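Chemist:
Numbering (the numbering used here), first residue to last: 1 to 407.
#1: Please report the distance separating the alpha-carbon of residue 193 from that of residue 92.
#2: Do you know how far the Cα of residue 330 is from the Cα of residue 166?
#3: On the three-state DSSP scale, how would you describe residue 342?
#4: Measure the beta-carbon distance from residue 198 to residue 134 and round it to whole angstroms, keeping in mind my assumption that it falls under 8 Å.
#5: For residue 56, tell me which candidate among 97, 315 and 118 has the shortest Cα-Cα distance.
#6: The alpha helix (DSSP H) that contains residue 166, what's its start and end?
#7: Just how far apart, CA to CA, sit residue 136 and residue 324?
#8: Is the number of C-beta pairs between the segment 63-71 and the segment 181-195 that are closer than 8 Å three or more?
#9: Shortest alpha-carbon distance to residue 154 belongs to which of 290, 381 and 168?
#10: Between which two residues does the beta strand (DSSP E) containing residue 303 stretch?
#11: Terminal residues of the continuous alpha helix (DSSP H) containing residue 231?
#12: Under DSSP, the beta strand (DSSP E) around residue 296 begins and ends at which residues?
#13: What did DSSP end up calling residue 52 once you bin it into helix, strand or coil?
#14: In chain order, what residues of the same chain have a beta carbon less than 6 Å from the beta carbon of residue 175, not counting five sequence neighbours either side?
#15: When you compare only the Cα positions, how much space is there between residue 319 and residue 405?
#16: Give the secondary structure of residue 369 by DSSP, where H, G and I count as helix, E and B as strand, and everything else as coil.
#17: Going by C-alpha to C-alpha distance, which of 109, 251 and 158 sits closest to residue 141?
#18: Can you grab the Cα-Cα spacing for the pair residue 303 / residue 342, in whole Å?
#19: Buried or exposed for residue 105, please, with buried defined as at least 16 other CB atoms from any protein chain shown within 10 angstroms of its CB.
#20: Cα-Cα, which of 363, 255 and 261 is closest to residue 321?
#21: Say whether the segment 148-162 touches the segment 118-132, bearing in mind that this needs 3 or more beta-carbon pairs closer than 8 Å, one atom from each stretch.
#22: Within the same chain, show all residues whose beta-carbon is closer than 8 Å to that of residue 393, passing over the 5 residues directly before and after it, in chain order.
#23: Would you be able to state if there are at least three C-beta pairs under 8 Å between the segment 274-285 and the segment 361-376?
#24: Mind pulling the alpha helix (DSSP H) runs of 4 or more residues that sit fully within the segment 93-149?
#25: Buried or exposed: which applies to residue 79, given that a residue is buried once 16 or more other Cβ atoms fall within 10 Å of its Cβ?
#26: Less than 8 Å between the beta carbons of residue 107 and residue 146, yes or no?
#27: Determine the closest residue to residue 297 out of 348, 268 and 326, with distance taken between C-alpha atoms.
#28: Between the alpha carbons of residue 138 and residue 287, how many angstroms are there, rounded?
#29: Looking at the strands, I want to know which residues DSSP matches up with residue 269.
#30: Put residue 390 into one of helix, strand or coil per three-state DSSP.
#31: When DSSP builds the beta bridges, which residues end up paired with residue 398?
#32: Can you give me the start and stop residues for the alpha helix (DSSP H) that residue 257 sits inside?
#33: Report the three-state DSSP secondary structure of residue 360 (helix, strand or coil).
#34: Considering just the uninterrupted stretch of the alpha helix (DSSP H) at residue 349, what are its terminal residues?
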């Protein structure tokens, strides 16, 4: 551990107020209190790095980089330079060290050739799989992680069973989903800053901001374990279909709910208000779909697509969503379209004529209404028969029923 009595230790001792020459690295116009505040913040940054297990030599190197930055970018006395600050547009090496240490410990790096060899895969297949996961091509540099070997051994086993192209496609799905999860973590952090700004609190800068990012990194380090547990539970749920025909068509209801006037609301109320409102819309959609035996398939801008076992459950989801949206001061209005019939699952998404019918119906629906088609529509509560309609891209007219929710 760092020894504060050791003058060679990376934790800074601070200026000696009795020695007029000891504070030369800071502007002389600064008060002793301000000098100590800056030193204390920087010492906290370094101490956190040391406690996380970062090599003291690397921490001393940060000191050297900080000194070089302060020497080349003089600032006004009232604005001491902050290492790695956003204003300076310098990469924050302290955050990079903490991130690497928290996620990977002291793990060495290997080349993609070494990774491929240990995983039992062709180098170019390994390179392609990494890129489909969303990782840049490492070239010949030793930047791959040792832990990747186990993951790519899993890919190799899958390719042996199901073929290379099938597993590469699945790899793309994994990469897309995990990239969304990882980037959503940044939204959590950004909302904290946004809330501080809304409360007229000052946003941390420089070393204070670095300490805040350390807290976020330590919090986010629990996410991989959450994903491991949640993934197992969701796999258990999804693989219940293995007793049937998971790759063939299923009978189910597909629904779309589309917000109306969201662009205008954004212009009137601002991006921040609309972002919060869209988060409510997405949460309601997920909760209602699961509560009615289904799930959300995807969000498309300000529209949600979901599936449920039958028309009645899909109608319950759509109608409750429209009611909540109608009572929301920002969202205000929406419309829905639902179709029941055969749908085909592929890579976590759903396709087929039934999906196309539901998409066409939501386009035709008036605000505050839900249009339905398919077997069982005549028995859905509050659904009124509206005759047969022609839908774009559908060769035959289809029977349509309408539910008036909040006109």
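Just so you know, even glycine gets a beta-carbon here, dropped at the ideal spot from N, CA and C.
Because the structure is a prediction, the values reported are computed rather than measured.
Modeler: Considering the structure as presented:
#1: 18 Å
#2: 43 Å
#3: strand
#4: With 8 Å as the limit, residue 198 and residue 134 do not qualify as a contact, their Cβ atoms being about 32 Å apart.
#5: 97
#6: 164-198
#7: 43 Å
#8: no
#9: 168
#10: 303-308
#11: 223-238
#12: 295-300
#13: coil
#14: 132, 133 and 134
#15: 6 Å
#16: strand
#17: 109
#18: 22 Å
#19: exposed
#20: 255
#21: yes
#22: 356 and 360
#23: no
#24: 93-104, 112-119 and 123-132
#25: Annotation note: pLDDT 42 at residue 79 (below 50); position unreliable, no value reported.
#26: yes
#27: 348
#28: 41 Å
#29: Residue 269 pairs with nothing; no bridge assigned.
#30: coil
#31: 389
#32: Per DSSP, residue 257 belongs to no alpha helix (DSSP H); it is in the beta strand (DSSP E), 250-260.
#33: helix
#34: Looking at the DSSP string, residue 349 is not in any alpha helix (DSSP H); the run it does join, the beta strand (DSSP E), is 349-351.
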